[in-house]
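Read the structure below first, then the notes.
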Amino acid sequence: MEFQRCSRRKPRPDMMPMIDVVFFLLVFFMLFSTLKATPMGLDVELPKAVSGSPQQATHFEVSVNRDGVFHIESKMITGAELRDQLSVALSANPDLFVIVKADKQVRYEHVVSVLDHVRAVGGHKLGLAVEQEI
Numbered sequence: 006m007e008f009q010r011c012s013r014r015k016p017r018p019d020m021m022p023m024i025d026v027v028f029f030l031l032v033f034f035m036l037f038s039t040l041k042a043t044p045m046g047l048d049v050e051l052p053k054a055v056s057g058s059p060q061q062a063t064h065f066e067v068s069v070n071r072d073g074v075f076h077i078e079s080k081m082i083t084g085a086e087l088r089d090q091l092s093v094a095l096s097a098n099p100d101l102f103v104i105v106k107a108d109k110q111v112r113y114e115h116v117v118s119v120l121d122h123v124r125a126v127g128g129h130k131l132g133l134a135v136e137q138e139i
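Following our numbering, the numbering of the sequence shown begins with 6 at its first residue and continues without gaps.
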């Protein structure tokens, strides 16, 4: 009895794992290239960070000095006034980006207080200002 052997095919490398890797790399770089928006500070002595860059979008700035006092456009305000002004600004532009410029010597609880006031009126796009290191 004689059997015929099937013609042998040349083995081909499987391309699916390589396509998966390239796809994941593409998604990774697309996602993390959009997360590079960090505003720069202005009127207070800000902590230094390598990743600081100017913020170009429409924004609302709140400064906190060393004593924990809130300022908007160099005007001293209270937490209630901050909520009032921010709610007016958010009603005009719901996508408003809020920048908190806190002095590097300010106590952490004052920064958290500003963030609480912003969240209370519906501000969800927040950023902490830093001075860009060269």
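All C-beta atoms in this analysis are idealised placements derived from N, C-alpha and C, irrespective of residue type, glycine included.
These numbers were taken from a predicted model, which means no experiment stands behind them.
Does the separation of the CB atoms of residue i and residue j fall below 7 Å?
{"i": "H64", "j": "F102", "result": "yes"}
{"i": "V67", "j": "V119", "result": "yes"}
In whole angstroms, what is the alpha-carbon distance linking residue i and residue j?
{"i": "V27", "j": "S38", "result": "16 Å"}
{"i": "S92", "j": "A134", "result": "21 Å"}
{"i": "P82", "j": "E138", "result": "Per the sequence shown, the amino acid found at residue 82 is Ile instead of Pro. Each residue's Cα considered, the two are about 30 Å apart."}
{"i": "E78", "j": "D89", "result": "15 Å"}
{"i": "H76", "j": "A54", "result": "23 Å"}
{"i": "M23", "j": "R13", "result": "25 Å"}
{"i": "K109", "j": "K80", "result": "20 Å"}
{"i": "E136", "j": "M20", "result": "46 Å"}
{"i": "R124", "j": "P18", "result": "54 Å"}
{"i": "G84", "j": "V126", "result": "11 Å"}
{"i": "E114", "j": "D72", "result": "11 Å"}
{"i": "A97", "j": "G132", "result": "19 Å"}
{"i": "D25", "j": "F33", "result": "12 Å"}
{"i": "P99", "j": "P16", "result": "58 Å"}
Exposed or buried, which one is residue i when buried takes at least 16 other CB atoms within 10 Å?
{"i": "L31", "result": "exposed"}
{"i": "A107", "result": "buried"}
{"i": "V105", "result": "buried"}
{"i": "V111", "result": "buried"}
{"i": "L47", "result": "Because L47 sits at a pLDDT of 40, beneath the cut-off of 50, its placement in the model cannot be relied upon, and the following sentence gives the value as read from the coordinates. That one is exposed."}
Since residue i and residue j should fall inside the 8 Å C-beta cutoff, what is the C-beta to C-beta distance between them, to a whole number of angstroms?
{"i": "S122", "j": "L87", "result": "According to the sequence provided, residue 122 is His. The question's Ser does not apply to it. The pair is a contact, with the Cβ atoms about 5 Å apart (cut-off 8 Å)."}
{"i": "V116", "j": "V69", "result": "6 Å"}
Can a CB atom of chain C be found closer than 7 Å to the CB of residue i?
{"i": "F29", "result": "Of the protein chains in this structure there is only one, and it is not chain C."}
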